[in-house]
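Here is the structure we will look at, set down as C-alpha cells.
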C-alpha cells in the first residue's frame, strides 16, 4: 500500500462512479464512495442491482465475480457483490439492503454464471432465497442441520441444548 | 518429443545413492533455534500481570493462585490447548516465558499436559 | 441429483472417504461405462465456521485463527488478513516488513506448488514423481522452519508487520537452497515433458475452454492454464508486487498438461522473485506498533494465493475490539464450478487427476463451522458440553485403556 | 514306498508349497526394496534385518484381521475365489524347473498347459470382482478382463518363440536345448521376444504401468476392494506366487533355466543357486520398471498392446521361424 499513499490517482475511479450516476440517476444512492485506488463501493436501490451489474459486465468487461458477502445489521440484511472490472482493473462492490421479514432476491446467475455457489452459500448462512437459481440447495452445512437455523445471523445463539434464532 | 522412460537415468542414479529418508526414531533431527516447542516458564520473573493469558489466541493460559505461589495469581499453561504461536513469549514484559526445542509432546493423561509450579491438586484440567 | 438415472448409466460416489482425495469432498458421478456424464460436488465436510468464530474474537486473536483456515496457504491467509486490518487502520508497515512478508508468500508458493506436483503424480499412478518432489520440498520447509519456527502455521505476520527478521546467514542459506531447487525442478520439467506415459494422462484431459473459464470466473493457475493472463499480483498489485520484476505465465492448451506446466513455471518465477527480494532487502525495523482501537470502516484485500485469488472483506464498527463481519473467499470455491465442466465427457480413470487439477484445498473452502452434533436427533450438543463429555470419558476410560495395554 | 514319500515330500516341502510361498514372499521384499530405492526411499526396514520379514509380517497381519463379507455378495463365489486363486497360482509353479532340467511335473507339451492355467487365474480375477457386488469391484473386473484380452496374445507368442527355437513345447527340453545344444541362453537370439515377455508380464502381474484393474487412486483397490482379512491375504499370496511363476518361466525360457556351471557333487544345490540368481534379476528388472512410468488408462493400455506389442510379437515370431529354418 505504500505506493497508493503517494500516487493515489483515483480520478479513473471517480469518473467511473460519475458515469454510473448519470446512467442510473437516483438508483445509485449517494452513500457510494471511492475508498482507495481500485476500490469503489456502489450503494444501489435493491431493485436496480441487476441492471447495474449487467451494465458493468457489458461495458467494463466485469465478468469476474469474486464473491457475495452477506451481512446482518440487526434490522435488515445487506448483500454485497464484489465484481472485478478487467478493463479498468477496479473492484466494484455493488451493495444493497433487503428487509428482514421476507428475504427473497432475484438471482444473477443468468448474468454472471460464476455466482452460482456464492448465492447458495448466502442462502445457507442467512436464509436469503434467490429466485431462479438453478439448484438452490444447502452448500456447506451438514444434511441433518435443523431447518430455519442460520448461523451467520446476528441473533444466532449457541447455548446448551441447541441453537435457535430468537 | 516423447522418449519412453525418460526417468531411467534419475532412477538408476537413485538406485545406487543413499536414500534421503532420515530414520526418525533412531536418528533424531535437531530443530532450528527459532523452533517453538514446549513452554518453559520461570516463576521468579513473573509478576502476575496476566498479559499472556489475555492475549493467548486459544485461551490456553489460566491465572490461578496455587499454594506454591502463596495466593498470588500466576499463569498455568495447558499445552494440550496451546497452538505454540509464540504470542505469550512476545507479550510477556518480564521475558518469563520461553520455548524449548522439545517436540515429542504426546501423552496419555490430560493432567500431564499442564505446566504448573508445584502440585496439581486443586488445578482444573481445562482452562475455562 | 436426480436419482432416476437412465438405465445404461451408473451412479458412482467418489469420496468423501476415497484414496484419491486427501480431504473429504464428495462427487456424485453419473458414468456411462467409462465416460463421465455428469458430476455433482457436495462440500462442507470439514466446515469449521471460521467466519462465525472470527466475529467473536479480537483482531489479534483472529490472525492466528485465520492462519489455520488452510494448511498449505496459511501465510497467504494471515498475510491478507493483516493487510486488510492495516488498511482499516490506514497505516503503513515498514518496508523491510513488507519485503519479508512477500518473501514468506513466495516461499509458501514454492512449497505449495511442489506439494501439488507430487500429489498430481500420485493421482496418475506415478509415485516416483511424488517421492522426488516431496523430497525436494523439504528444502523449502526447512527454510520456513528456520525463518519462522514452524513448518506450516508460521505465525509470521502480525498487524503492523512481521514478527521475525531475516539474518544474513539465513539469507545465504535461502539463496543456496534456491539454486539447488531450480536445478532439480528444471530437470523434472524436462523429463516430464518427455515421459509419454505421464503426457498420455495429462494432454487433452479435463479441457476447460477459455470462454467457460472466464464465464465461470475461475481463478489462479486453473484460469491461467486456459490462456487468460490474469494474476492479482499484476492486475491489482498489493504490497511490493509492483516493484518486483516478474511476468505472468499462461498456457493456452486448456488441459491438465497446461495446469502442470503453469505451476512449474510459476515455481521458477517465485524463485526469481525470492532472489530479487533477498538481494534488495531494505534495512530498518520489521514491525511498527499498531493502535489497539480499530476505527470504523470496511476494507477489501485480494491476494494471489498459490491456488488463486484469495479475498478478505472486513467491516469494523469502531466500537468493540472484534470485527463486525469477516468474509473469506478462498480460491478453491471459485474453481469448484469449473470442475463440473472439466469432468463432463472425461474418462472415469481421469476423475481423480481432474479434481486434483485445480489443486483443491477443501479445508480452505469449508471455512464456516458448525457446532458438533450428536447423531441422536433430539439433542444437539454445544462444544462446551462436548468437551465435558470427552474429559469425563477420558478420565474414566483412559486409565483402563493404559493399564490394559501395559498389563501384559 | 519311499518313492511316494520322496515325491510327496518334494511336492510339499522343497520345490513345492513351502519353498514357493517363502521364496515368493522374499521376491516381494526384493521388489519393494528396489522400487523404494528407485524413489530414493529406504523401503521395508524394521522387521527382520533390512525388513526382510516385512511381506511375511503383512501376511500374518492380514490373517489376523476381521474377514467381512458384504451381505449382497454371492456367498459361495465370494468364499472360494481366493482359495481357487491360490491353488491355480500354485499349480503353475509346479511346472517351473527349479532344481533340475524339469519342474515337479514335466509333460511333453507343458508350455501350453502352463499358459492355459495362468489364463485360468485371470478368469478367476474377473469372477472375484464379479462376485463381490460393489461398483468399484465390477469396474475393476471389467478392466481386468479388458487388459487380459490385450496382453494374452503377445505373452503367448513370445513364449512360443522360445519353443520354436528349441523345436519342442516342453519346458524341460527347452532348458536342455539352451544348455546342451546351443550352449547359449535364448535371450541372445530372442532379445526382442524377452522384452515383449517382460512387458506383457508387467501387465499380467498388474504392476504400475498396467495396474489399471487395481488402480489405487480411482477404484480404491479394484476387484479386491471387498475382500479383507484371510481372503485378501490369500489373494496377495497368489499374486506373489504369480510373480514367482512369471520370473521362473522367464528364467527357464530365456536365461537358460536353473542350469549353470555347478560343482560335480551337489548339482541340485548349484542349480537352485542359479535359479535364485536369475529370478532375482528378472524381479529386480520388473521392480525397476515399476518406478519409471505413470499408470496407463485402460484404453491407452489396450491401444498400446493391440497397436504396438502385438504386431511386434508377430514380427518376432516370423523372425524366429526364419532363424530356425535357415540359419540354425
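Residue numbers (my numbering), protein chains in the order written: chain A, 7 to 172; chain B, 13 to 140; chain C, 4 to 411; chain D, 110 to 437.
All residues carry an ideal CB built from backbone N, CA and C; glycine is no exception.
Between the region 269-280 of chain D and the region 212-229 of chain D, the count of Cβ pairs shorter than 8 angstroms is three or higher; the stretches touch.
For residue 313 (chain C), DSSP records a beta bridge to C:306. Excluding its 5 nearest sequence neighbours in each direction, residue 151 (chain D) has C-beta neighbours in its own chain below 7 angstroms: 145, listed in chain order. Apart from sequence neighbours up to five positions away, the residues of its chain that approach residue 363 (chain D) with a beta-carbon distance below 8 angstroms are 271, 294, 295, 296, 299, 302, 303, 306, ordered along the chain. Counting of Cβ neighbours within 10 angstroms places residue 47 (chain B) among the buried residues, the total reaching 16 or more. Check the Cα spacing between residue 299 (chain C) and each of C:236, C:323, C:72, C:350: the tightest is with C:323. Counting only runs of 3+ residues, the beta strand (DSSP E) found wholly inside the region 77-144 of chain A occupies 82-91, 96-105, 110-112, 135-137, in chain order. Neighbours of residue 185 (chain C) in chain A, taken as residues whose beta carbon is under 7 angstroms from its own, are absent, since the nearest beta carbon is some 30 angstroms off.
Bridge pairing for residue 43 (chain C): C:31 [DSSP]. Contact annotation: in the region 81-103 of chain C, residues whose CB is within less than 8 angstroms of a CB in chain A are 86, 89, 90, 95, 98, 101. With 16 or more other Cβ atoms from the protein chains shown falling within 10 Å of its own Cβ, residue 269 (chain D) counts as buried. Residue state for residue 72 (chain A) is assigned as strand, using DSSP reduced to three classes.
Among the residues facing chain B, residue 118 (chain C) is not included, as its CB has no counterpart in that chain under 8 angstroms away. Proximity of residue 148 (chain A) to chain C, defined by a Cβ-Cβ separation below 8 angstroms, is satisfied. When the five nearest sequence neighbours on each side are left out, the beta carbons in the same chain lying within less than 7 angstroms of the beta carbon of residue 380 (chain D) are those of 208, 209, 367, 368, 371, in order along the chain. In this structure, DSSP gives residue 43 (chain B) a state outside helix and strand, which the three-state scheme calls coil. Less than 8 angstroms divides the Cβ of residue 237 (chain D) from the Cβ of residue 190 (chain D). In the three-state scheme derived from DSSP, where H, G and I count as helix and E and B as strand, residue 13 (chain C) is classed as strand.
The Cβ of residue 135 (chain A) sits no closer than 8 angstroms to any Cβ of chain C. Within the same chain, 109, 110, 111, 129, 142 come within 8 angstroms of residue 135 (chain A) by CB-CB distance, once the 5 residues on both sides are set aside.
Interface flag for residue 276 (chain C) against chain A is unset, since no Cβ pair is found closer than 8 angstroms. Residue 43 (chain B) and residue 252 (chain D) have their C-alpha atoms some 48 angstroms from each other. Using a Cβ distance threshold of 8 angstroms, residue 117 (chain C) and residue 136 (chain C) count as a contacting pair. Taking residue 268 (chain C) as reference, the option from C:315, C:164, C:12, C:228 with the minimal CA-CA separation is C:228.
Counting C-beta pairs closer than 8 angstroms gives fewer than three between the region 240-247 of chain C and the region 63-74 of chain C, which falls short of the contact rule. Excluding five sequence positions before and after residue 355 (chain D), the CB atoms of its chain that fall closer than 7 angstroms to its own CB belong to 310, 313, 314, given in chain order.
Within the region 221-240 of chain C, the residues whose Cβ lies closer than 7 angstroms to some Cβ of chain A are 238, 239, listed in chain order.
The beta-carbon of residue 157 (chain A) is placed less than 8 angstroms from the nearest beta-carbon of chain C. Taking the C-beta atoms as reference points, residue 88 (chain A) is found no nearer than 8 angstroms to residue 361 (chain C).
Chain order gives no chain C residues near residue 411 (chain D), where near means a beta carbon separation below 8 angstroms; the closest approach is about 11 angstroms. The continuous stretches of alpha helix (DSSP H) do not include residue 45 (chain A), which lies in the beta strand (DSSP E) extending over residues 45-49. When the Cα atoms are used, residue 9 (chain C) and residue 132 (chain A) turn out to be separated by approximately 36 angstroms. Runs of the alpha helix (DSSP H) lying entirely within the region 267-353 of chain D and spanning at least 4 residues, in chain order: 280-285, 295-298, 300-313.
Contacts with chain D (Cβ-Cβ distance below 8 angstroms) from the region 172-202 of chain C involve 198, 200, 201, listed in chain order. Per DSSP, reduced to three states, the secondary structure at residue 57 (chain B) is coil, with no helix or strand assignment.
Contact of residue 27 (chain B) with chain D by beta-carbon distance below 8 angstroms involves 143, 146, 147, 397.
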